[in-house]
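First the structure, in the form of structure tokens, and then the observations on it.
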Amino acid sequence: MAKTYVLAALFFMLGACLVNNLDFARSHSAGMRRGLGLLMSLLFVSGAPETSFAQKFVRRTQEAGFASVTRSNGAALADYDRDGDVDVYFVNPGIYQANDPSTWNRLFANQGNGTFLDVTAQAGVAGRNANATQNPTGMGNKMGAAWGDYDNDGWPDLFLTHYGPIQLFHNNGNGTFTDVTAQSGITTRRNQLSSSALWFDYDNDGDLDLYISIYGEFFSTSADRSNKLYENSGNGEFVDVSSANGAADKGITWTSVALDANHDGHLDLYLANDFGPNKFYLNNGDKTFQEKTADYGLEDPYHGMGLAVTDCDGNGYFDIYLTNITEAGFDQETNPLFLNTGQGRFYNYAVQAGVSQAGWGWGAAFFDCENDGDEDLFVATGNFTPEFPNEFFRNESEEGDFRFANVAHEAGVADSTVARSAAVFDYDNDGDLDLLVSNFFEAPFLYENTATTGNWLRVKLEGTESNRDALGAEVEVWTNGVSYKKYYHGAHFLTQSIQPLHFGLHEAQSVERILVKWPGGFTEEIGAVAVNQTLTLKEKNGVVTVSSGQRVTNETTPRTRPSGMRLLGNYPNPFNGATQIRFEMYAPGMVEITIMNAQGKIIHKQQESFSSNGEKIIRWNGVDHDANPVSSGIYFYRLTRNDAYAGSEVGKMLYLK
Numbered sequence: 023m024a025k026t027y028v029l030a031a032l033f034f035m036l037g038a039c040l041v042n043n044l045d046f047a048r049s050h051s052a053g054m055r056r057g058l059g060l061l062m063s064l065l066f067v068s069g070a071p072e073t074s075f076a077q078k079f080v081r082r083t084q085e086a087g088f089a090s091v092t093r094s095n096g097a098a099l100a101d102y103d104r105d106g107d108v109d110v111y112f113v114n115p116g117i118y119q120a121n122d123p124s125t126w127n128r129l130f131a132n133q134g135n136g137t138f139l140d141v142t143a144q145a146g147v148a149g150r151n152a153n154a155t156q157n158p159t160g161m162g163n164k165m166g167a168a169w170g171d172y173d174n175d176g177w178p179d180l181f182l183t184h185y186g187p188i189q190l191f192h193n194n195g196n197g198t199f200t201d202v203t204a205q206s207g208i209t210t211r212r213n214q215l216s217s218s219a220l221w222f223d224y225d226n227d228g229d230l231d232l233y234i235s236i237y238g239e240f241f242s243t244s245a246d247r248s249n250k251l252y253e254n255s256g257n258g259e260f261v262d263v264s265s266a267n268g269a270a271d272k273g274i275t276w277t278s279v280a281l282d283a284n285h286d287g288h289l290d291l292y293l294a295n296d297f298g299p300n301k302f303y304l305n306n307g308d309k310t311f312q313e314k315t316a317d318y319g320l321e322d323p324y325h326g327m328g329l330a331v332t333d334c335d336g337n338g339y340f341d342i343y344l345t346n347i348t349e350a351g352f353d354q355e356t357n358p359l360f361l362n363t364g365q366g367r368f369y370n371y372a373v374q375a376g377v378s379q380a381g382w383g384w385g386a387a388f389f390d391c392e393n394d395g396d397e398d399l400f401v402a403t404g405n406f407t408p409e410f411p412n413e414f415f416r417n418e419s420e421e422g423d424f425r426f427a428n429v430a431h432e433a434g435v436a437d438s439t440v441a442r443s444a445a446v447f448d449y450d451n452d453g454d455l456d457l458l459v460s461n462f463f464e465a466p467f468l469y470e471n472t473a474t475t476g477n478w479l480r481v482k483l484e485g486t487e488s489n490r491d492a493l494g495a496e497v498e499v500w501t502n503g504v505s506y507k508k509y510y511h512g513a514h515f516l517t518q519s520i521q522p523l524h525f526g527l528h529e530a531q532s533v534e535r536i537l538v539k540w541p542g543g544f545t546e547e548i549g550a551v552a553v554n555q556t557l558t559l560k561e562k563n564g565v566v567t568v569s570s571g572q573r574v575t576n577e578t579t580p581r582t583r584p585s586g587m588r589l590l591g592n593y594p595n596p597f598n599g600a601t602q603i604r605f606e607m608y609a610p611g612m613v614e615i616t617i618m619n620a621q622g623k624i625i626h627k628q629q630e631s632f633s634s635n636g637e638k639i640i641r642w643n644g645v646d647h648d649a650n651p652v653s654s655g656i657y658f659y660r661l662t663r664n665d666a667y668a669g670s671e672v673g674k675m676l677y678l679k
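Just so you know, my numbering puts 193 at position 171 of the sequence shown, and the rest follows in order with no gaps.
See the structure below:
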């Protein structure tokens with residue numbers, strides 16, 4: 023993370039001649055900003071870079087109105103009433119009793135002033151008596167909640183997992199819900215424990231299907247613990263296609279996430295399994311899946327529980343963090359951080375990054391707590407005894423050194439409790455991300471983010487041909503020549519949420535363009551917009567609605583790349599020796615590649631001419647313009663065309679000797 027917000031100002035005061043190379047880095051890349059910090063320290067002959075963390079979170083549970091929630095498993099977020107702010111649903115783990123409100127799940131409507139109102143009774147979503155006997159695992163009888171607009175009417179619906187039969191609520195659009203479980207066709211057995219649920223469009227037909235993680239079945243001679251996939255028929259009914267699709271995993275699954283690991287436009291599945299190996303299932307595109315865990319480097323044989331997905335190293339591909347048990351007695355276990363190479367392969371970098379140890383981990387969430395463009399990591403921890411402090415890992419990468427530091431105590435979030443899920447949202451609408459932690463034995467912790475932060479942009483998606491929530495979309499925001507990329511899925515431990523994507527932009531004063539890859543693969547580009555606002559982007563609509571109500575016309579053409587080329591990344595990355603920079607040409611012409619180190623210094627340039635369209639490769643063998651080998655570290659490359667298709671694109675790579 024940037025060590026101070028005055029670096030950019032100092033940089034401009036110096037009138038540095040590297041401005042063209044450094045502008046884009048100052049606003050995006052973790053490595054590049056840290057390179058700027060190093061450059062400033064060299065110019066002023068200062069000491070080591072600052073490592074203190076002044077960011078503070080303040081607990082606001084009481085003031086917000088959550089103190090009445092005595093305990094909770096999952097905590098899921100959505101704007102259920104479509105009034106423009108994010109509401110919260112808590113799952114009470116106790117056995118439901120109609121005459122005892124302390125056993126109810128709770129729906130809180132955000133009042134827009136930093137407080138929430140309990141609307142459970144009038145909404146009709148208190149839950150039900152799933153099973154009158156205690157869950158043998160001790161994890162509670164009511165488990166998780168997943169928001170998803172399964173009928174594409176614009177109103178988020180709610181699915182609940184239980185020990186015993188599940189529950190599906192349809193949002194009526196008037197502040198109330200109707201239990202439609204019976205007519206939906208979705209069922210689980212009386213002694214079956216469903217841990218979490220995942221809404222995603224596995225067949226790209228424009229509506230949300232449902233994947234249910236089954237932890238196990240108890241007190242049965244024919245126990246069934248295979249996960250279930252229900253295909254949405256589009257008429258309010260679902261069909262169980264589990265036996266035919268190949269993804270009915272029989273592991274003890276806590277959490278599942280969907281992501282397109284091989285970039286073919288079809289969402290794949292990764293499962294966190296307790297007491298056994300995790301599994302990765304590749305979507306074949308024909309409504310079937312293949313187990314490909316080892317092929318993709320995603321093996322972990324221990325006690326998988328929570329998952330978090332983001333592009334945490336800034337290479338444009340989405341990475342996966344997994345929580346395990348990393349306490350005494352489980353010394354062989356670590357929490358993997360699987361970094362995505364973009365070439366169909368992940369590798370575990372958790373130990374090197376400093377995020378492998380996080381106690382008895384449950385929920386985890388990546389978020390940019392300072393709006394500086396870096397992804398930080400919160401892990402909710404806790405066993406029944408002893409209790410563990412929650413962990414917060416700040417992204418403190420330096421040049422050639424991608425790493426995090428545990429600053430939970432400095433940040434004010436190292437509370438010791440039996441935590442479960444972690445959710446991140448801007449509950450008070452002040453432009454920074456706040457933190458919500460559900461606790462099994464006590465009220466949740468709502469932490470307000472109180473520090474002054476950088477600029478930001480929120481993007482709300484509305485699908486028209488894809489699912490209405492646009493779950494599975496990828497959004498790339500460009501400012502000063504480089505991009506911030508987010509994946510919209512909403513899935514975490516015992517929760518799935520629907521809310522705008524939040525981009526921290528550091529000191530960027532405007533956004534040049536926004537690129538949206540909608541579920542199914544349609545790509546749409548939006549022109550320049552201002553920072554510090556919320557945009558609503560409607561698929562194929564050509565119009566942006568901003569938070570002020572202003573409408574901004576989309577001036578670009580869907581699927582059009584004005585630069586005449588598209589960067590595909592480099593492989594291998596990280597690399598030792600040589601790497602191939604891959605890109606697609608939409609028109610013949612000359613391409614210039616510029617290699618820069620993390621301080622913005624140009625170390626190598628070359629030009630190549632291409633006489634045809636299609637995928638192209640430029641090879642760099644790790645030497646400067648004098649053919650001297652470069653040192654290990656983060657490097658940036660910029661592809662440029664100066665012809666009729668003028669434009670440039672930037673990538674990042676890590677060279678390891």
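Just so it is clear, CB atoms sit at the ideal spot from N, CA and C, and this is done for glycine as well.
Given the structure is predicted, the values throughout are model-derived calculations rather than measurements.
query: Segments of 3+ residues assigned as beta strand (DSSP E) that fall wholly inside the segment 423-465; result: 426-428, 441-447 and 456-461
query: Pair within 8 Å by beta-carbon distance, residue 495 and residue 533; result: no
query: 8 Å CB neighbourhood of residue 248 in its chain, flanking five on each side removed; result: 236, 264, 270, 271 and 272
query: Among 409, 397 and 284, the one whose alpha carbon lies nearest that of residue 363; result: 284
query: Best match in 596, 304, 322 and 666 for proximity to residue 644 [C-alpha to C-alpha]; result: 596
query: Terminal residues of the beta strand (DSSP E) in which residue 114 lies; result: Unbroken run through residue 114: none, as it is neither H nor E.
query: Inter-residue spacing [alpha-carbon to alpha-carbon] between residue 454 and residue 240; result: 44 Å
query: Cβ pair residue 517, residue 100 closer than 8 Å; result: no
query: Through-space distance from residue 630 to residue 507, alpha-carbon basis; result: 28 Å
query: Contact check, residue 402 vs residue 441, beta carbons under 8 Å; result: yes
query: Opening and closing residue of the beta strand (DSSP E) in which residue 417 lies; result: 413-417
query: Three-state class that DSSP yields for residue 677 in the structure shown; result: strand
query: Cross-strand partners of residue 671 (DSSP beta bridge); result: 661
query: Spatial distance of residue 257 from residue 334 (CA atoms); result: 39 Å
query: Residues of its chain near residue 279, where Cβ-Cβ distance is below 8 Å and the 5 sequence neighbours each way are ignored; result: 220, 291, 292, 329, 331, 342, 511 and 513
query: Where residue 62 falls: helix, strand or coil (DSSP); result: Below a pLDDT of 50, predicted positions are generally treated as unreliable, and residue 62, at 33, falls in that range; the measurement from the model is reported next regardless. Residue 62 falls in the helix class under three-state DSSP.
query: Limits of the alpha helix (DSSP H) - the one that residue 373 falls within; result: 372-375
query: Check: residue 149 C-beta below 7 Å from any heavy atom of the ligand SAM; result: This structure lacks the ligand SAM; in fact it carries no ligand of any kind.
query: Exposure of residue 196, with buried meaning 16 or more beta-carbon neighbours within 10 Å; result: exposed
query: Beta-carbon contacts of residue 82 that lie in its chain and below 6 Å, excluding the five residues immediately before and after; result: 468 and 470
query: Span separating the alpha-carbon of residue 549 from that of residue 535; result: 5 Å
query: Cutoff 8 Å; reference residue 582; Cβ partners in own chain excluding five residues on either side; result: Note that residue 582 scores 35 on pLDDT, short of 50, meaning its location in the model is unreliable and no value can be drawn from it.
query: Within 8 Å, strictly: CB atoms of residue 184 and residue 213; result: no
query: Presumed contact (8 Å Cβ cut-off) between residue 414 and residue 424, rounded CB distance; result: Going by Cβ atoms, the distance from residue 414 to residue 424 rounds to 18 Å, so no, they are not a contact pair.
query: Presumed contact (8 Å Cβ cut-off) between residue 659 and residue 673, rounded CB distance; result: 5 Å
query: Contact under 8 Å by Cβ, residue 312 with residue 268; result: yes
query: Counted within 10 angstroms of its Cβ, other Cβ atoms place residue 243 as buried (16 or more) or exposed; result: exposed
query: Proximity of residue 434 and residue 78 at Cβ, strictly below 8 Å; result: yes
query: Three-state class that DSSP yields for residue 266 in the structure shown; result: helix
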